[in-house]
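Colleague: Residue numbers (this note's numbering), protein chains in the order written: chain B, 37 to 301; chain R, 7 to 229. This is the structure I want to talk about, given as structure tokens.
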Amino acid sequence: MTNPLVEFYSFMTFFAGLRESETTLTIELESKPMPPLLRALTVATVLGFAATLYLGLFAAGTDIQQGDIQRIFYIHMPSFFGAFTAFGLTVLGGVLALARDSDKWDKIALAGVEVGFAFALINLLTGAIWARPIWNTWWTWDPRLTSAAVMCLTYAAYLMLRAGIEDANRRRAFMSVYGIFAFVTVLITLFIIRIVPETIHPVIVGASPQNAQGSFEATSGVILALVPSMVLWLTLMPITLIWHRYRLEERREGLDRLKLKALSD
Amino acid sequence: MKTSYVETVLAIIGKDLRIELRSRELISVMAVFALLSILVFSFALELDRAAREEVVGGVLWVTLIFASLLGLNRSLAQEYDQGNLDALLLTPTPRSAIFIGKFAGNALFTGLVGLLLLPLMTALYGMNLLDGRLIATALVGVFGFCAVGTLLATMTAQTRAREALLPIAMLPLALPFLLTAVRATKGILTGAAEWQVWFQLLAGITVIYFVLCLLLYGYVVEE
Numbered sequence: 037m038t039n040p041l042v043e044f045y046s047f048m049t050f051f052a053g054l055r056e057s058e059t060t061l062t063i064e065l066e067s068k069p070m071p072p073l074l075r076a077l078t079v080a081t082v083l084g085f086a087a088t089l090y091l092g093l094f095a096a097g098t099d100i101q102q103g104d105i106q107r108i109f110y111i112h113m114p115s116f117f118g119a120f121t122a123f124g125l126t127v128l129g130g131v132l133a134l135a136r137d138s139d140k141w142d143k144i145a146l147a148g149v150e151v152g153f154a155f156a157l158i159n160l161l162t163g164a165i166w167a168r169p170i171w172n173t174w175w176t177w178d179p180r181l182t183s184a185a186v187m188c189l190t191y192a193a194y195l196m197l198r199a200g201i202e203d204a205n206r207r208r209a210f211m212s213v214y215g216i217f218a219f220v221t222v223l224i225t226l227f228i229i230r231i232v233p234e235t236i237h238p239v240i241v242g243a244s245p246q247n248a249q250g251s252f253e254a255t256s257g258v259i260l261a262l263v264p265s266m267v268l269w270l271t272l273m274p275i276t277l278i279w280h281r282y283r284l285e286e287r288r289e290g291l292d293r294l295k296l297k298a299l300s301d
Numbered sequence: 007m008k009t010s011y012v013e014t015v016l017a018i019i020g021k022d023l024r025i026e027l028r029s030r031e032l033i034s035v036m037a038v039f040a041l042l043s044i045l046v047f048s049f050a051l052e053l054d055r056a057a058r059e060e061v062v063g064g065v066l067w068v069t070l071i072f073a074s075l076l077g078l079n080r081s082l083a084q085e086y087d088q089g090n091l092d093a094l095l096l097t098p099t100p101r102s103a104i105f106i107g108k109f110a111g112n113a114l115f116t117g118l119v120g121l122l123l124l125p126l127m128t129a130l131y132g133m134n135l136l137d138g139r140l141i142a143t144a145l146v147g148v149f150g151f152c153a154v155g156t157l158l159a160t161m162t163a164q165t166r167a168r169e170a171l172l173p174i175a176m177l178p179l180a181l182p183f184l185l186t187a188v189r190a191t192k193g194i195l196t197g198a199a200e201w202q203v204w205f206q207l208l209a210g211i212t213v214i215y216f217v218l219c220l221l222l223y224g225y226v227v228e229e
């Protein structure tokens, strides 16, 4: 609410010619309506997330040894696989952007990096929160933790490198190439506990390394809460977010065009 | 007269070698840096006999990668600054030939620094690093990360903050080499049989990276 006195004052000064009338430049940002499929995906993702949270936080039984902290696993592992899908889409986007000189796929690649980066951070943070009571430390230089951190840094480097290239065509080509290479770090993180045996990171699916600390068994109750969460994070979550981010990038580019137009007018 | 592929590659390598022979810019900077780095590490880590065996592989590889960054930056920057790459691109030269030429020069210089480091570290750290298997590991590792480095340096040389961006872009991607090469080096030094597994992994990663670089290089030089 504006103060009536202030309003009165501005009204009077305006009429007295003391204040210049404001010139407003009305510019329309072209906006495409949200496609019905995206709307449906968004609703499905939100509902699915609520459902998997319920399964993980309430429906699944409490772990006998670790207690409630074990429930973080239902976010921790799926979020890595969400990042896997997102970064995988970056590779696909990169390949197609190079093959077809397509800006559209380049935008998808960028969206994949940002969404995947966010997921990878969720993965690291949930891991740290779990490790505090179970390993008695937030962080340790375990091979898998290190490679996951390096993976995050690689994609941070992607974003920094991208910001440093001004020419659009050059940026598309370079970042496509970098996005393809960066995926190697994702694969290393995924497979490192099979390659480097002295990790303390538990493996839930399959045999744990012998040094693993804080492992628990994948009982039917765990599987029941884990599988829906995995499916959600592998498919709906990254795809919906990447689509939204893609549309945002389109609008941002529209805004840049408008700025240029407003400057030239 | 048409120049064959091999001749093109050799011409590019020859050009880089001639520049280097006349200026001695790259090798001297890289060698001095590598020497300093080894000294700094040995002070910073206060290495005693037992600790040295643990970390010598890491020191060797980190030094080599940092030294290669210096060389790569210069090597590709001079191509752009003096317009040589543009001239090369105007000729019907296969892009992969440009890559192999530039890569070979960089790998050669970094490899020389590596070969210099091994006897030096043998003397300074009191451990025998002059092992045939270790030299092979060093050469394969240098081959691999120089391939990625050449590709990335070509990209960063075209950006504004080139010196700053190359390490940021390259270090995460060089990690697979660092990981496997350090393990192989440690295995060789301690006489563990598992060094072969690491060496094979290193060679595998090197082949994959090299092929990827070869295929993708055209996209990073084309306008």
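For each residue, glycine too, the CB sits at the ideal point set by N, CA and C. If you're wondering where the values come from, they're calculated on a predicted model, not measured in any experiment.
Residues of chain B with CB closer than 9 Å to the CB of Met133/R, please, in chain order.
Modeller: Here residue 133/R corresponds to residue number 127 of the second sequence, with the count starting at 1. The premise fails here: Met133/R is roughly 23 Å from chain B at the closest Cβ pair, so nothing lies under 9 Å.
Colleague: Following the continuous alpha helix (DSSP H) through Gly63/R, name the residue where it begins and the one where it ends.
Modeller: In the second sequence, residue 63/R corresponds to position 57, counting from 1. Where Gly63/R is concerned, the enclosing alpha helix (DSSP H) stretches over 55-87.
Colleague: Could you check where the alpha helix (DSSP H) with Ser115/B kicks off and where it finishes?
Modeller: Position 79 of the first sequence holds residue 115/B. Here the alpha helix (DSSP H) through Ser115/B covers 109-136.
Colleague: Applying the criterion that 16 or more other CB atoms from any shown protein chain within 10 Å of the CB defines a buried residue, is Arg198/B buried or exposed?
Modeller: Residue 198/B sits at position 162 when you count from the first residue of the first sequence. Buried, by the Cβ-count rule.
Colleague: Secondary structure at Gly250/B, three-state DSSP: helix, strand or coil?
Modeller: Residue numbering aside, residue 250/B sits at position 214 when the first sequence is read from its first letter. For Gly250/B, the secondary structure class from DSSP, reduced to helix, strand or coil, is coil.
Colleague: Give me the Cα-Cα distance between Ala167/R and Gly200/B, rounded to the nearest whole angstrom.
Modeller: The residue you call residue 167/R lines up with position 161 of the second sequence. The residue you call residue 200/B lines up with position 164 of the first sequence. Taking the straight line from one Cα to the other gives about 7 Å.
Colleague: Beta carbons nearer than 7 Å to chain B: which residues of the segment 159-181 of chain R have them?
Modeller: Against chain B - using a Cβ distance shorter than 7 Å - the residues of the segment 159-181 of chain R are Met161, Gln164, Thr165, Arg166, Ala167, Leu171, Ile174, Ala175, Pro178, Leu179, Leu181.
Colleague: With a 10 Å radius around its C-beta and 16 neighbouring C-beta atoms as the bar for buried, classify Arg281/B as buried or exposed.
Modeller: Looking up residue 281/B in the first sequence gives position 245. Result: buried.
Colleague: So with CB distances below 8 Å, who are the chain R contacts of Val213/B?
Modeller: Working through the first sequence from its first residue, we reach residue 213/B at position 177. Neighbours of Val213/B on chain R, chain order: Leu157, Met161, Leu222, Tyr225, Val226.
Colleague: Can the beta-carbon of Trp279/B be found less than 9 Å from the beta-carbon of Leu77/B?
Modeller: Translated into positions along the first sequence, residue 279/B becomes position 243. Translated into positions along the first sequence, residue 77/B becomes position 41. Yes, these two residues count as a Cβ contact at 9 Å.
Colleague: So, at 8 Å on beta carbons, what are the nonlocal neighbours of Pro100/R in its own chain, with the 5 sequence-adjacent residues on each side left out?
Modeller: Counting from one through the second sequence, the residue named residue 100/R turns up at place 94. Only Tyr11, Thr14 meet the Cβ criterion.
Colleague: Classify Arg103/B as helix, strand or coil using the three-state DSSP reduction.
Modeller: The count along the first sequence starts at 1 and reaches residue 103/B at position 67. The amino acid at residue 103/B is misidentified as Arg; the sequence shows Gly. In this structure, Gly103/B counts as strand in the three-state DSSP scheme.
Colleague: Going by the CB atoms, is the gap between Gly148/B and Trp274/B shorter than 9 Å?
Modeller: Sequence index remark: in the first sequence, residue 274/B carries index 238 (1-based). Sequence index remark: in the first sequence, residue 148/B carries index 112 (1-based). In the sequence as presented, Trp is not what sits at residue 274/B; that position holds Pro. In contact: Pro274/B and Gly148/B (Cβ atoms closer than 9 Å).
Colleague: Rounded to whole angstroms, what's the CA-CA distance from Gln249/B to Arg180/B? Just pull it up for me.
Modeller: Sequence index remark: in the first sequence, residue 249/B carries index 213 (1-based). Sequence index remark: in the first sequence, residue 180/B carries index 144 (1-based). For Gln249/B and Arg180/B, the distance between alpha carbons rounds to 13 Å.
Colleague: According to the Cβ coordinates, are Pro125/R and Leu118/R closer than 9 Å?
Modeller: Position 119 of the second sequence holds residue 125/R. Position 112 of the second sequence holds residue 118/R. Taking C-beta atoms as the reference points, Pro125/R and Leu118/R fail to come closer than 9 Å.
Colleague: To the nearest angstrom, report how far apart Glu85/R and Val213/B are at their CA atoms.
Modeller: Start at 1 with the first residue of the second sequence, and residue 85/R comes out as number 79. Start at 1 with the first residue of the first sequence, and residue 213/B comes out as number 177. A direct Cα-to-Cα measurement between Glu85/R and Val213/B gives close to 20 Å.
Colleague: Grab me the residues of Tyr131/R's own chain with a C-beta within less than 8 Å of its C-beta, minus the 5 sequence neighbours each way, in chain order.
Modeller: Translated into the one-based positions of the second sequence, residue 131/R becomes position 125. Excluding positions up to five away in sequence, the list reads Ser48, Leu53, Arg58, Val62.
Colleague: Using 9 Å as the limit for Cβ to Cβ distance, is Tyr215/R near chain B?
Modeller: In the second sequence, residue 215/R corresponds to position 209, counting from 1. Closer than 9 Å: yes.
Colleague: Quick one: what's got a C-beta closer than 6 Å to Gly138/R's C-beta in the same chain, skipping five residues either side?
Modeller: Here residue 138/R is taken as the residue at index 132 of the second sequence, counted from 1. Closer than 6 Å at Cβ, skipping near neighbours: no residue.
Colleague: Contact between the segment 152-164 of chain R and the segment 72-79 of chain R: three or more CB pairs below 8 Å?
Modeller: yes
Colleague: Beta carbons nearer than 7 Å to chain R: which residues of the segment 135-152 of chain B have them?
Modeller: none
Colleague: Please check if any C-beta of chain B sits within less than 9 Å of the C-beta of Leu185/R.
Modeller: Position 179 of the second sequence, counted from the first residue, corresponds to residue 185/R. Closer than 9 Å to some Cβ of chain B, the Cβ of Leu185/R qualifies, so yes.
Colleague: Leaving out the 5 sequence neighbours to the left and right, which residues in its chain are closer than 7 Å to Leu207/R when beta-carbon positions are compared?
Modeller: Taking the second sequence and counting its residues from 1, the one referred to as residue 207/R is at position 201. Cβ neighbours of Leu207/R beyond the five flanking positions: Thr186.
Colleague: If the criterion is Cβ atoms closer than 9 Å, does the pair Ala80/B and Ser115/B meet it?
Modeller: Position 44 of the first sequence, counting from 1, holds the residue named residue 80/B. Position 79 of the first sequence, counting from 1, holds the residue named residue 115/B. Against a cut-off of 9 Å, the Cβ pair of Ser115/B and Ala80/B comes out as no contact.
Colleague: Among the residues of its own chain, which have a CB less than 8 Å from the CB of Leu222/R, if the five just before and after it don't count?
Modeller: The sequence position of residue 222/R within the second sequence is 216, counting from 1. Leu157, listed in sequence order.
Colleague: Measuring only the C-alpha atoms, how far is Val186/B from Thr98/B?
Modeller: Within the first sequence, numbered from 1, the residue matching residue 186/B stands at position 150. Within the first sequence, numbered from 1, the residue matching residue 98/B stands at position 62. Each residue's alpha carbon lies about 33 Å from the other.
Colleague: Could you work out which residues of chain B lie near Leu218/R, taking near to mean beta carbons separated by less than 8 Å?
Modeller: In the second sequence, the residue the question calls residue 218/R occupies position 212. Here the neighbours are Ile216, Phe217.
Colleague: Within the 9 Å Cβ cut-off, does Leu207/R reach chain B?
Modeller: One-based indexing of the second sequence puts residue 207/R at position 201. By this cut-off, Leu207/R is an interface position.
Colleague: Can you round the beta-carbon distance between Ser265/B and Thr88/B to whole angstroms, since I take them to be within the 8 Å contact cut?
Modeller: Counted from its first residue, the first sequence places residue 265/B at position 229. Counted from its first residue, the first sequence places residue 88/B at position 52. Right, the Cβ-Cβ distance comes to about 4 Å (below 8 Å), so this counts as a contact.
Colleague: Would you decide whether Phe304/B is buried or exposed? Buried here means 16 or more other CB atoms lie within 10 Å of its CB.
Modeller: Since the first residue shown for chain B is 37 and the last is 301, residue 304/B is missing from the structure and cannot be characterised.
Colleague: At what residues does the alpha helix (DSSP H) containing Asn172/B begin and finish?
Modeller: Position 136 of the first sequence, counting from 1, holds the residue named residue 172/B. Note, Asn172/B: premise wrong, no alpha helix (DSSP H); not H, not E.
Colleague: With distance defined between alpha-carbon atoms, name the residue in Leu95/R, Ala93/R, Leu32/R nearest to Ser74/R.
Modeller: Numbered from 1 along the second sequence, position 68 holds the residue referred to as residue 74/R. It is Leu32/R whose Cα lies nearest to the Cα of Ser74/R.
Colleague: Shortest alpha-carbon distance to Thr162/B belongs to which of Leu223/B, Ile108/B, Tyr90/B?
Modeller: The residue labelled residue 162/B in the question sits at position 126 within the first sequence. Out of Leu223/B, Ile108/B, Tyr90/B, Ile108/B has the C-alpha closest to the C-alpha of Thr162/B.
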